[in-house]
Amino acid sequence: QLQAFGGGLVQAGGSLRLSCVAPRMIFSVFSVYDMNWYRQAPGKERELVAAIRSGGSTYYGDPVKGRFTISRNNSRKRVYLLMDNLTPDDTAVYYCNARTARGEHWGQGTLVTVSS
16 QLQAFGGGLV QAGGSLRLSC VAPRMIFSVF SVYDMNWYRQ APGKERELVA AIRSGGSTYY
76 GDPVKGRFTI SRNNSRKRVY LLMDNLTPDD TAVYYCNART ARGEHWGQGT LVTVSS
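Numbering (our numbering), first residue to last: 16 to 131.
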């Protein structure tokens, strides 16, 4: 249901923009989902990085506040994660997630590697 892309290798201090698209959802369905970005670093548990609710309010985890920006375009069925001032601690597989009270969908993950 979800396809995430945009990961890659970047030097510390650099930026990346991740995208997640829901190609098989119609946009009116996509728009009611709360959209989330999670990440999982090697040997660590998956953690919530950022979220944007259907109404547009946002949440950021403490490690990324002030550096990451989540946004969405319902007509394009996409959610974005702009990541600035990246550090090696941001290295992880990033997953997008769509959630309502009725259920959720996950994307396949995109790898972000930040070199020092």
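For every residue, glycine included, the Cβ atom is placed at its ideal position computed from N, Cα and C. All figures in this text were calculated on a predicted structure; none of them were measured in a lab.
Distance check for residue j and residue i, CA to CA, integer angstroms please.
i, j, result
"Ala66", "Leu24", "23 Å"
"Ser34", "Tyr110", "10 Å"
"Ser30", "Thr106", "12 Å"
"Gly118", "Trp52", "16 Å"
"Pro103", "Lys80", "16 Å"
"Gly122", "Pro57", "18 Å"
Judging by CA-CA distance, which residue of the options is the nearest neighbour of residue i?
i, options, result
"Met40", "Gln16, Gly124 and Ser69", "Gln16"
"Thr128", "Ala113, His120, Trp121 and Val108", "Val108"
Applying the 10 Å Cβ sphere with the 16-neighbour rule, what's the burial state of residue i?
i, result
"Gly70", "exposed"
"Asn88", "exposed"
"Leu126", "exposed"
"Val47", "exposed"
"Lys92", "buried"
"Asn112", "buried"
Would residue i pass as a contact of residue j if the rule is Cβ separation under 7 Å?
i, j, result
"Phe45", "Ser90", "no"
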